[in-house]
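Have a look at the structure below, then the notes.
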């Protein structure tokens, strides 16, 4: 590193920034190449630890002689025990998480115990079943008015949302504010949240397991907010909440039913503001969707 110039360091930083690496998770860098090189040694150590010294030195017990090789193990014989591989010296601590199925069940049980939005937020603060919590700066729960008649739900927080703890506060958030204003709404007359309340590292797409773990919480959040209209922002949000595999182009613009568990409300999907920033031609379709939301609110 001492041979690198300031321009070299700036280029390296720009490369990582464009790749989505904008947050330092650990205090020190981890040499993944050294970890890979150490794998064969760890495998040999594991094999040595799983074999008792006396068994390793003793000859095979009455192994039948055969030209085809050693005979089969005696019926009922237990396989040799395997021990966990030792941790690499000086390596990062291994984060132990629940199996996905257990984490989903724990999330469902925890979400059912929330009697209010405040209680649900407190439960999410203490929930450790989703690994995204360990890499995010803070919980991004909601913004706006929980008593509003319309609720907007996106997919997951981005960098700006992670820093401020509020959904839709970056560039896409500013566009969402303009979309709300076009039909006479703002953050005092709308409630805004995400399916995933923690930012995925580097703004990557949440995995199906992460979505499944977080889904009970957003479902309970919608039930407690009890809006008249639910607006799914983007395909991933619509697919998760409306239990469909259709893409956003086919889903958008038409109302469907969403069962909160206590009542059925009207739901509609539209393009995510981040998509509209990349694809301005989609704004005319989003405008039609927002007009449909406005008409539905007036008809209720």
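In my numbering, the protein residues as written are 384 to 683. All residues carry an ideal CB built from backbone N, CA and C; glycine is no exception.
1) Cβ of residue 672 within 8 Å of Cβ of residue 648?
2) Got a sec? Which residues, its chain only, sit under 8 Å from residue 528 by beta carbon, not counting five neighbours each side?
3) Please classify residue 613: does DSSP put it in a helix, a strand, or coil?
4) Assuming residue 647 is part of the beta strand (DSSP E), what are its boundary residues?
5) Excluding the five sequence neighbours on either side, which residues of its own chain have a C-beta within less than 8 Å of the C-beta of residue 540, listed in chain order?
6) What residue ranges within the stretch 571-648 form continuous beta strand (DSSP E) runs of no fewer than 3 residues, ordered along the chain?
7) My output table needs one value for residue 390: the three-state DSSP class, helix, strand or coil.
8) What is the DSSP secondary structure of residue 564, counted as helix, strand or coil?
9) How do the stretch 553-566 and the stretch 500-507 stand: do at least 3 beta-carbon pairs fall below 8 Å, yes or no?
10) Could you check whether residue 678 and residue 636 sit closer than 8 Å to each other, using their CB atoms as the reference points?
11) Could you tell me whether the stretch 609-617 touches the stretch 531-539, where touching means 3 or more Cβ pairs closer than 8 Å?
12) Over what stretch of residues does the alpha helix (DSSP H) that includes residue 668 continue unbroken?
13) Apart from the five residues just before and just after residue 640, which ones in its own chain have a Cβ nearer than 6 Å to its Cβ?
14) Taking only three categories from DSSP, how would you classify residue 552?
15) Can you give me the Cβ contacts of residue 606 inside the same chain, cut-off strictly under 7 Å, excluding the 5 residues immediately before and after it?
16) At what residues does the alpha helix (DSSP H) containing residue 487 begin and finish?
17) Here's the rule: buried if 16 or more other CB atoms are within 10 angstroms of the residue's CB, otherwise exposed. What is residue 514?
18) CB-CB under 8 Å to residue 462, same chain, minus the five flanking residues each way: which ones, in chain order?
19) What distance in whole Å lies between the Cβ atoms of residue 600 and residue 525, which are believed to be in contact at a cut-off of 8 Å?
20) Could you tell me whether the Cβ atoms of residue 548 and residue 521 are closer together than 8 Å?
21) According to DSSP, which residues form a beta bridge with residue 509?
22) Is residue 569 helix, strand or coil by DSSP?
23) Suppose the cutoff is 7 Å on Cβ atoms and the five residues either side in sequence are ignored; what does the same chain contact list for residue 630 look like?
24) Considering only the alpha carbon of each residue, which of 664, 603, 604, 602 lies closest to residue 632?
25) Just confirm the distance between the C-beta atoms of residue 657 and residue 555, as a whole number of angstroms; I'd bet it's less than 8 Å.
26) Taking the alpha carbon of residue 586 as the point to measure from, which residue in 624, 546, 598 has its own alpha carbon closest?
27) Look at the alpha carbon of residue 593 and the alpha carbon of residue 603, and state the distance between them as a whole number of angstroms.
28) If distances are taken between C-alpha atoms only, which option among 627, 595, 558 comes closest to residue 490?
29) Could you give the first and the last residue of the continuous alpha helix (DSSP H) run that contains residue 544?
30) Could you spell out where the alpha helix (DSSP H) holding residue 517 opens and where it closes?
31) Starting from residue 657 and walking both ways along the alpha helix (DSSP H), at which residues does that stretch end?
Judging by the given coordinates:
1) Contact annotation: residue 672 and residue 648 have beta-carbon atoms that are not nearer than 8 Å.
2) 570, 571, 572, 573, 574
3) strand
4) 647-653
5) Around residue 540: 519, 523, 550, 577, 579, 580, 581, 582.
6) 574-577, 612-616, 639-642
7) helix
8) Three-state DSSP puts residue 564 in a helix.
9) No: the two stretches stay apart, fewer than three of their Cβ pairs being nearer than 8 Å.
10) no
11) yes
12) 666-682
13) 647
14) coil
15) 643, 644, 645
16) 483-495
17) buried
18) Residue placement at residue 462 is poorly supported in this model, since its pLDDT is 48, which falls under 50; the coordinates are not used for a value here.
19) With 8 Å as the limit, residue 525 and residue 600 do not qualify as a contact, their Cβ atoms being about 11 Å apart.
20) yes
21) Looking at the DSSP assignment, residue 509 forms no beta bridge with any residue, so it has no partner.
22) coil
23) 618
24) 664
25) Indeed they touch by this definition, with Cβ atoms about 4 Å apart.
26) 546
27) Computed Cα separation, rounded: 17 Å.
28) 595
29) 542-547
30) Residues 515-518.
31) For residue 657, the enclosing alpha helix (DSSP H) stretches over residues 656-661.
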